[in-house]
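In the numbering used here, the protein residues as written are 3 to 363.
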């Protein structure tokens, strides 16, 4: 197995772009021609997640593309909705150990918003060298994130990054066929006061514990508002890619998805297990880091979740170092007091690049 990507990063980014734009075209054409609610029909249940009809539109393009790409070299595809455990080797008949790279894809991240035409979803894709089943999010070397806008929105943003080369973005005017550069600029505010900052608490199951943690975090870090008006604002964007986009563009200053910790503390497992963030939801997380967003696991280290479709992942995003210093120490202490992380773990932003503090929490 290769120790790193054997082709230039631009090769993979070009392929990811071609794939993402083809998926965007197919999905948007289906959305525009669908009757209200048609794309929200349940198509299947696989690997602990619900597959809606809109998800299948992206999957069809993905598989067609991978069949063709496989003729240029063997690779492993990891994706939500792929039968047989969410993994397939291309071309057919190739061995996993002979693959050049691993590609993880979420064809539609934010399904529940876009299928009702409420809010943009995202196509997420990332490539890492094939390091076997141990390949993890920290190994990603190229990533692409492409917006699936609602039918009322004429523009779509496309973001990409290669490791160590920074992040770039464009805004596509789908009506006029124009493409313009888009600057990515995380907030440089020194505090979350009067900005958007939140814990993810999308679904029933664990919401009470997460809301209580959120209340304590901001109460301790900021103190009570002197005039009774809110100091921070909440935005529950049901899309991990969307949450990272909001951090990259300066709309949000802090976001943490700690659902696996809350569910474990509540004893929710087996048939009672609730939906959490999975590695494919973070397929393009490299872009956020290359754009300057600080992304860590619950213990303050890099994300090391394996590239599969079943691992539950916690992540924390800070717009800048000032925000991390403002909230990280308090959040870390609150998590330790609850027993959600071990006494040796820290959510104070210490960067454990030696492997400590992985995301398997």
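For glycine and all other residues, C-beta sits at the position ideal for the given N, C-alpha and C.
The structure displayed is predicted, hence computed values, not measured ones.
Requested in this report: Look up residue 165 in the DSSP assignment and give the residues it is bridged to.
Outcome: DSSP, once it has assigned bridges, lists no residue as partnering residue 165.
Report task. State buried or exposed for residue 15, treating a residue as buried only when at least 16 other CB atoms are found within 10 Å of its CB. Result -> buried
Query - Buried/exposed call for residue 231, threshold 16 Cβ in 10 Å - result: exposed
Report task. Give a yes or no on contact between the stretch 212-221 and the stretch 326-339, applying the rule of three or more CB pairs nearer than 8 Å. Result -> At 8 Å Cβ cutoff, the stretches touch.
Requested in this report: Could you tell me which residues DSSP puts in a beta bridge with residue 151?
Outcome: Looking at the DSSP assignment, residue 151 forms no beta bridge with any residue, so it has no partner.
Report task. Quick one: grab the DSSP three-state call for residue 332. Result -> helix
Query raised in the report: Expressed to the nearest angstrom, what Euclidean distance is found between the alpha-carbon atoms of residue 74 and residue 304?
Result: A direct Cα-Cα distance of roughly 32 Å separates residue 74 from residue 304.
**Report entry** Contacting residues, own chain, Cβ-Cβ under 7 Å from residue 141 (five flanking each side not counted)
**Finding:** Closer than 7 Å at Cβ, skipping near neighbours: 130, 131 and 133.
Query raised in the report: Given that a residue counts as buried once 16 or more other Cβ atoms are within 10 Å of its Cβ, and exposed if not, what is residue 189?
Result: buried
Requested in this report: Name the two residues that bound the continuous beta strand (DSSP E) containing residue 80.
Outcome: 77-81
Query raised in the report: For residue 71, does the three-state DSSP call read helix, strand or coil?
Result: Correct three-state label for residue 71: helix.
Requested in this report: Mind the definition here: the stretch 305-312 touches the stretch 260-271 only if three or more C-beta pairs lie below 8 Å; say whether that holds.
Outcome: no
Query raised in the report: Where do the ends of the beta strand (DSSP E) carrying residue 182 lie?
Result: 180-183
Report task. Entirely within the stretch 250-337 and at least 4 residues each: give me those alpha helix (DSSP H) ranges in chain order. Result -> 261-267 and 287-293
Query raised in the report: Are the stretch 110-124 and the stretch 91-100 touching, with three or more C-beta to C-beta distances below 8 Å?
Result: Flag = no, the stretch 110-124 and the stretch 91-100 do not touch.
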